[in-house]
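Order-wise, the sequence lines are chains A and B. To convert, note that position 87 of the first sequence is 87 in the working numbering; the numbers rise steadily by one, no gaps. To convert, note that position 240 of the second sequence is 1240 in the working numbering; the numbers rise steadily by one, no gaps. Here the structure comes first, spelled out in structure tokens, and everything after it is commentary.
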Amino acid sequence: MSTAPPEGTVPPERHGRTGGRDRTGGHDSTDLHHPTLPTHPSHPGHPHQGRPDTRPDRYESATRFHEEWARLLQAGHGVAIHPGILRRLVSRTAGLLHRAQLEQPFRPDFAAEAGALLVDARFTDPAVLARAVELLQIQPLDGRGPALCGAFAAGWAAALRERTLREQEAIRLAADTARQEMEKALRASEARFRALFESAAIGIGLGDVDGNILAVNRALQELFGARPEDLQGRRVGDLVHPEDTPGVWEAYEELISGKRDYFQFDKPYYRHDGEVVWTHLTVSLIRDDDGKPVYQVAMLEDISDRYRLQERLRHQATHDPLTGLPNRVAFFERLEKLFEEPEPGARFGLCYVDLDGFKVVNDSLGHDTGDQLLAAVAGRLEAALTPLGHLVARLGGDEFVVLLENCRGEQEAVAAAKTVLAALAKPVLIGDHRLAVGASVGVLERRVATTTPGAAVRAADLTLYRAKEAGRGRWTLFDPTENARAVSRYTVSVRMPVALDRGEFFIDYQPLCSLADGSLVAVEALVRWRHPELGVLGPEEFIGIAEETGLIMPLGRWVLEQACTQAAAWVREFGDAAPQLNVNLAVRQARSAGLVGDLERILRSTGLSPDKLQLEITESTVVGPEDEALKSLHAVVDLGVSLAVDDFGTGWSNLAYLRDLPVSGLKIAGSFVGDLHDPGKDTHLGWRIISGLVSLAHSLGLTVTAEGVENGADADRLRLMGCDWAQGWHFGRPARPADIARRIAGSKLPPRP
Amino acid sequence: MGRPNWVPAGTDLDKPNAARVYDYYLGGSHNFEADREMARRAIELWPDLPAIMRSNRAFLRRAVQHVAEAGISRFLDIGSGIPTFGAVHEMARGIRPEARVVYVDRDPVAVAHSRLLLADDLLSEVVEADLRSVEDLLARPEVAELLAAGEPVAVLLVAVLHFITDDDEPARLVSTLRDALPPGSALVLSHASMEGRPDQAGPHQDLYRRTPTPLTMRGRDRIVELFDGFDLVEPGVVYLPEWHPDNPEGIGPHPERMSGMAGVGFLR
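Shown next as structure tokens:
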């Protein structure tokens, strides 16, 4: 098979240059490494050389084949191979194929090896095989074509199969190794977590979102005094305790449904032995990668000692050690709570109880007996009144108080007072003594909105004194007139003159808001008296006396000065957003010749613009067309100060005078709105009266303010009725100037409900 | 990120992995069905991909050759993947037989494979580390030792920075590496770019979004910025086939179709 082309016709740059460096690859067929074989199909002296083939077409086709072959391997994958290495590969494989084509005997294994070499160099693309076979087929192959191509393809395929399996094995092994190492690391990490979980000083429990407890640590077992099997498999819902803080289970439901991610509460649990353990509980939600809740982790810290101490301190602070009844502190806490967010129209009752003749018992039979008597009385009161839902507290000495929350009316309060008296009707047995104890009761029953805790207790106390004075062993009902009289009689009138000098008065301001948009339009100045013994007194408790004694004049001036100074400060700070100032003008002030002069001076010294001031007068200020007061009121209006009629509808005013008064506003007395919530009164009629007052005022061109507005529904209805402004708890209670300033600053915000 | 050091990384063979997908593109069988499925879909959308990968591999070869001829015999190959075909140590040793290479990858399987392959090679090391925690990467003993000698080191960031999202600040990572390099060191960098085939950028990034290594293609300017502090070797940042071709025909008629961009820089 002597098929060598003429010597020297092979382009040297493609073949010759590779020279001796062509020895690459690890093939065992040594004769394939002959440097010239790849390019010279026939070589003189070669041991395997067969019959020579000198046909020029053979040579040409071999050259063309070599070129095509090089082109095939340089394309595609070939770009990633170093050009030198690629050249050697081209020579090697082309040489092998030549020998397979020409040598005698036919060596198909050379072709197979060429195929394998391609795969070794990572020519694994089947397109390479297809093109290679195509190139081989266009060679004159003397009938060897099918066998040669078959051998080449088989060699390529076998090598590819081997290579694929080898690589798959290698990557599989790498994956296994990586996985093993990861598992090892995971086990180590898990061991660390397990140790952390197990040895944590805080109790930790893991549960699923169905509430099944999956794992608990040692600290939690100790906390519950339980073995793991006692807790595992139990459900979180079983751990309910009657003293659970309200909201804890709602928070739990929100957590497991994914609405919140954690919560914290102090929560009691029953230990395995039935004891109660108090814990500080934190529960966190664990979600999967998609955010779906999967686990809950609870961390519990034992706070039993702290909790018990706290409870003992709290009980001590709020309970009377002698009788076990709530003490003064506890009573005031409860009472003040009533005033925090009362329902509209909410009422309450107080029975202020004082034992009759207790001092005698104490003095004659000794303190021990006295104490036993107090304890027995306390027991009777509690037994009689607690079942009715009332709170009995000991205020001190022989004074007790009954608090009726959500009182339905005077009758109920009176009934409670009667129950008190009945409970003490039978004598008390202390040792050998049969002690007949009576009691006097002052009963107060009011709408929450009309008073304050301090004023209510004081009023009940004064009512009690009236009961005592009236002859003991009886109850007396609060009477506002009597109350005012009692206040004045006992303490007020005597002290008031010095109070002004001592700076015991101060002023709160109550908002008046526009019903149209809820904005703050004015504030009413309300004078208070911080009485050293009685606490803070409201104007209704001392203004009457001040009028009687004439002290209203200096007090009224002081109020005007103070309030105008404050209002001017607001104008400086907030400009147009500052509210109008409303100040009450007593009848005596209105009739005073000095009023206009005082006003002029005060406006000048404070710098308050007159149009920011409105004086509130009552219907009784002007009693007829010839009234002196009318003149000074006109002079006030001439200053630029406006006037409004306060508490309209409570006096017996002659409506005819209303048109002669130089007023620009009218305030409908709070009792009209208050009566709407009185179950004994016709609501429909109440609204018609208010509506009538509003249209009356509007027909006179007056701005109407509704007083005593305590809820949004009433406010809405008043607004629809065309009422201009409103005042009342719904729009804000009397407040310190700083609170008002905050309110003005945040005036873009809606009114507080 | 966000995983503490002492919590092991996962080896999720059901998810395609960039290193094994790359191997498939290059005609290898170091891959699993999930990798092949992803690669086949990618090729279906963008038939040039295998050619681009080969082009990238060819760039790596030419760049390693270039820096080795420039005298560098230390290599830090970050994101080395599965270095079966034309591994850096083989290529470098053609010129510098003493070449040392530290291969770094964050995929535990790629690392395990490299370790099996290089078990007997005393001058090569394999480190499992994450470029995103570049300080941790630099602190690994094998890396620290490579840098400590004070001899120039070639940092290879070949087809790896496009797996760093903008949130992970690729420029900061490169500058941290740069600051740790001895004088005379080099940066070899290639990066998937949206310049050549803007039409392909969207769908191709979408495909990688489901993998542990989402793809962020960047424009030429952003890629040039990564060479901050390095003097770029001529011709600068160019399409893969345009960088120091073996011969003029090597560039091919449409270098922009090999949409990746590449460059080599020496520390200033």
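Where a beta carbon is used, it is the ideal one built from N, C-alpha and C, also for glycine.
### Which listed residue (B:1151, B:1137, B:1111, B:1235) has its alpha carbon closest to that of residue 1177 of chain B
Among B:1151, B:1137, B:1111, B:1235, the Cα nearest to that of residue 1177 of chain B is on B:1137.
### Task
Go to residue 552 of chain A, then tell me how far its alpha helix (DSSP H) extends in each direction, as first and last residue.
That run of the alpha helix (DSSP H) goes 552-574.
### Query
So is residue 294 of chain A buried or exposed if we call it buried at 16+ other beta carbons inside 10 Å?
In this structure residue 294 of chain A is exposed. Its beta-carbon is surrounded by fewer than 16 other beta-carbon atoms within 10 angstroms.
### Query
In three-state DSSP terms, what is residue 725 of chain A?
Three-state DSSP puts residue 725 of chain A in a strand.
### Task
Anything in chain B within Cβ reach of residue 526 of chain A, meaning under 8 Å, just list it in chain order.
Result: empty, since nearest Cβ-Cβ is about 60 Å, beyond 8 Å.
### Query
Could you check where the beta strand (DSSP E) with residue 278 of chain A kicks off and where it finishes?
It spans 276-287 - the beta strand (DSSP E) in which residue 278 of chain A sits, taken as one unbroken run.
### Query
Is residue 250 of chain A close to chain B, meaning its C-beta is less than 7 Å from at least one C-beta of that chain?
Judged by the 7 Å Cβ criterion, residue 250 of chain A is not in contact with chain B.
### Task
Could you tell me the boundaries of the alpha helix (DSSP H) in which residue 1261 of chain B lies?
Per DSSP, residue 1261 of chain B belongs to no alpha helix (DSSP H); it is in the beta strand (DSSP E), 1261-1267.
### Query
Beta carbon of residue 464 of chain A, beta carbon of residue 350 of chain A: below 7 Å?
Contact check for residue 464 of chain A against residue 350 of chain A fails: the beta carbons are separated by 7 Å or more.
### Query
What separation, rounded to the nearest whole angstrom, lies between the Cα atoms of residue 147 of chain A and residue 94 of chain A?
Distance between the alpha carbons of residue 147 of chain A and residue 94 of chain A is about 17 Å.
### Query
In whole angstroms, what separates the C-alpha of residue 1031 of chain B from that of residue 252 of chain A?
In a straight line, the C-alpha of residue 1031 of chain B is about 47 Å away from that of residue 252 of chain A.
### Task
Could you please tell me which residues of the region 111-141 of chain A, in chain order, have their CB closer than 7 Å to any CB of chain B?
Within the region 111-141 of chain A, the residues whose Cβ lies closer than 7 Å to some Cβ of chain B are 122, 124, 125, listed in chain order.
#### Entry: Close beta carbons around residue 1231 of chain B, own chain, < 7 Å, minus the five adjacent residues each side
Counting only Cβ-Cβ distances below 7 Å, and skipping sequence neighbours, we find 1265, 1266, 1268.
#### Entry: C-alpha distance - residue 111 of chain A paired with residue 1187 of chain B, whole-angstrom precision
Computed Cα separation, rounded: 44 Å.
### Query
Who are the Cβ neighbours of residue 650 of chain A in its own chain at under 7 Å, not counting the five residues just before and after it?
Setting aside the 5 residues that flank it on each side, residue 650 of chain A is surrounded in the same chain by 669, 671, each with a C-beta closer than 7 Å to its C-beta; the list follows chain order.
### Spatially closest choice to residue 730 of chain A from A:713, A:722, A:254, A:724, by CA coordinates
It is A:713.
### Query
When you compare only the Cα positions, how much space is there between residue 442 of chain A and residue 470 of chain A?
Using only the alpha carbons, I get a separation of about 11 Å.
### Query
Is it right to say residue 1025 of chain B is buried, meaning 16 or more other beta carbons lie within 10 angstroms of its own, or is it exposed?
Buried.
### Task
Take residue 1221 of chain B as the anchor and find which of B:1035, B:1087, B:1239, B:1131 has the nearest alpha-carbon.
Comparing Cα-Cα distances from residue 1221 of chain B to each of B:1035, B:1087, B:1239, B:1131, the minimum goes to B:1239.
### Identified DSSP bridge partners for residue 506 of chain A
A:528, per the DSSP bridge assignment.
### Task
Starting from residue 79 of chain A, find everything on chain B with Cβ-Cβ shorter than 9 Å and list it in chain order.
Result: 1051, 1054, 1055, 1057, 1058, 1241, 1246, 1250, 1252.
### Message
Tell me the residue span of the beta strand (DSSP E) that contains residue 80 of chain A.
### Response
Unbroken run through residue 80 of chain A: none, as it is neither H nor E.
### Message
To the nearest angstrom, how far is the alpha carbon of residue 109 of chain A from that of residue 136 of chain A?
### Response
CA-to-CA, the gap between residue 109 of chain A and residue 136 of chain A works out to about 15 Å.
### Message
Taking beta-carbon pairs under 9 Å, can you tell me which members of the region 1015-1046 of chain B lie near chain A?
### Response
So the close ones are 1020, 1023, 1026, 1027, 1028, 1029, 1030, 1031, 1032.
### Message
Taking the beta carbon of residue 461 of chain A as the centre, do at least 16 other beta carbons fall within 10 Å, making it buried, or is it exposed?
### Response
By the C-beta density criterion, residue 461 of chain A is buried, having at least 16 other C-beta atoms within 10 angstroms.
### Message
I want to see whether chain A comes within less than 7 Å of residue 1112 of chain B, judged by CB atoms only; does it?
### Response
Taking Cβ atoms only, chain A reaches closer than 7 Å to residue 1112 of chain B, which makes this a yes.
### Message
Whether or not the region 530-542 of chain A and the region 561-577 of chain A are in contact is what I'm after, with contact meaning three or more pairs of Cβ atoms, one per stretch, closer than 8 Å; do they touch?
### Response
Cβ pair count under 8 Å is below three, so no.
### residue 1255 of chain B versus residue 1052 of chain B - alpha carbon distance
C-alpha separation (whole angstroms): 10 Å.
### Query
Since residue 975 of chain B and residue 204 of chain A are thought to touch, with beta carbons under 8 Å apart, how far apart are those beta carbons, to the nearest angstrom?
For chain B, the structure presents residues 1001 to 1268; residue 975 of chain B sits outside this window and is missing.
### Query
Are the CB atoms of residue 163 of chain A and residue 209 of chain A nearer to each other than 7 Å?
Note that the C-beta distance between residue 163 of chain A and residue 209 of chain A is not below 7 Å.
### Query
residue 1194 of chain B by DSSP, collapsed to three states: which one?
Per DSSP, reduced to three states, the secondary structure at residue 1194 of chain B is coil, with no helix or strand assignment.
### Query
On the three-pair Cβ rule with 8 Å, is the region 88-104 of chain A touching the region 63-73 of chain A?
Contact between the region 88-104 of chain A and the region 63-73 of chain A is present, because at least three Cβ pairs lie under 8 Å.
### Task
Pair every Cβ in the region 345-362 of chain A with every Cβ in the region 386-403 of chain A, then say whether three or more of these pairs are closer than 8 Å.
The region 345-362 of chain A makes contact with the region 386-403 of chain A, as at least three CB pairs between them are under 8 Å.
#### Entry: Segments assigned alpha helix (DSSP H), at least 4 residues, entirely inside the region 670-743 of chain A
Runs of alpha helix (DSSP H) with 4 or more residues, each lying fully within the region 670-743 of chain A, are found at 670-675, 683-699, 712-721, listed in chain order.
#### Entry: Within the region 1111-1188 of chain B, ranges of the beta strand (DSSP E) (whole runs, at least 3 residues)
Note on the region 1111-1188 of chain B: whole beta strand (DSSP E) runs with a minimum of 3 residues are 1124-1128, 1153-1158, in chain order.
### residue 1181 of chain B: contacting residues in chain A (beta-carbon distance under 9 Å)
From the beta-carbon of residue 1181 of chain B, no residue of chain A is found nearer than 9 Å; the closest lies around 27 Å away.
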